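Participant: All residue numbers for the sequence shown refer to this note's numbering, where the first residue is 950 and numbers rise by one.
Glycine residues also receive a C-beta, built at the ideal position from the N, C-alpha and C atoms.
These numbers were taken from a predicted model, which means no experiment stands behind them.
Sharing a structure with you now.
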Amino acid sequence: MSSLDEVRRIVHDVPRGQVITYGEIAALIQTSPRHAGRLVSQLGDGSPWWRVVYSDGSPATCHNGAAPSMLAHEAIPMCGDRVDIRRARAHRPKA
């Protein structure tokens, strides 16, 4: 399975209304958060890429900045312009 396929599966496993961080994905596939971010940016519209956030809760910047509206659409808990990580973090998906 390629790293992109692994990331796709992990992101698909994040429940609606919850998020995972780039660092958590990186740990699951044993790579750097930066590389995980590159892989997430390659996910198509069929994957809920907006559920991946930075460790401080900042939304993804890929896909033309559409993440904040997608997060709001799912009623993901926010604190200002960032996701409230403590309330929105998904249980870690299985690797």
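1) Provide the residue span of the alpha helix (DSSP H) that contains Arg965, from first to last.
2) Could you tell me which residues DSSP puts in a beta bridge with Ile969?
3) For Ala1015, which residues of its own chain have a beta-carbon under 8 Å away from its beta-carbon, when the five flanking residues on both sides are left out?
4) Taking its Cβ as the centre, do 16 or more other Cβ atoms sit within 10 Å of Thr970, making it buried, or is it exposed?
5) For Met1027, list the residues DSSP reports as bridge partners.
6) Say whether the segment 972–990 touches the segment 1026–1037, bearing in mind that this needs 3 or more beta-carbon pairs closer than 8 Å, one atom from each stretch.
7) Could you tell me the alpha carbon to alpha carbon distance between Arg983 and Gln967, rounded to whole angstroms?
8) Just list the residues that DSSP pairs Arg1038 with in beta bridges.
9) Below 7 Å CB to CB, which residues in the same chain sit around Leu921 once its five sequence neighbours on both sides are set aside?
Facilitator: Straight from the coordinates:
1) Within the sequence shown, residue 965 is the residue found at index 16, counting from 1. Element bounds for Arg965: n/a, residue is neither H nor E.
2) For this step, residue 969 is matched to residue 20 along the sequence shown. Per DSSP, Val1001.
3) In the sequence shown, counting from the first residue as 1, residue 1015 sits at position 66. So the qualifying residues of the chain are Trp999.
4) Taking the sequence shown and counting its residues from 1, the one referred to as residue 970 is at position 21. Result: buried.
5) The residue labelled residue 1027 in the question sits at position 78 within the sequence shown. DSSP, once it has assigned bridges, lists Val1032 as partnering Met1027.
6) no
7) The residue given as residue 983 occupies position 34 in the sequence shown. The residue given as residue 967 occupies position 18 in the sequence shown. C-alpha separation (whole angstroms): 21 Å.
8) The residue you call residue 1038 lines up with position 89 of the sequence shown. Answer is Val968, bridged to Arg1038.
9) Any answer about residue 921 is impossible in this case: the structure gives the chain only from 950 up to 1044.
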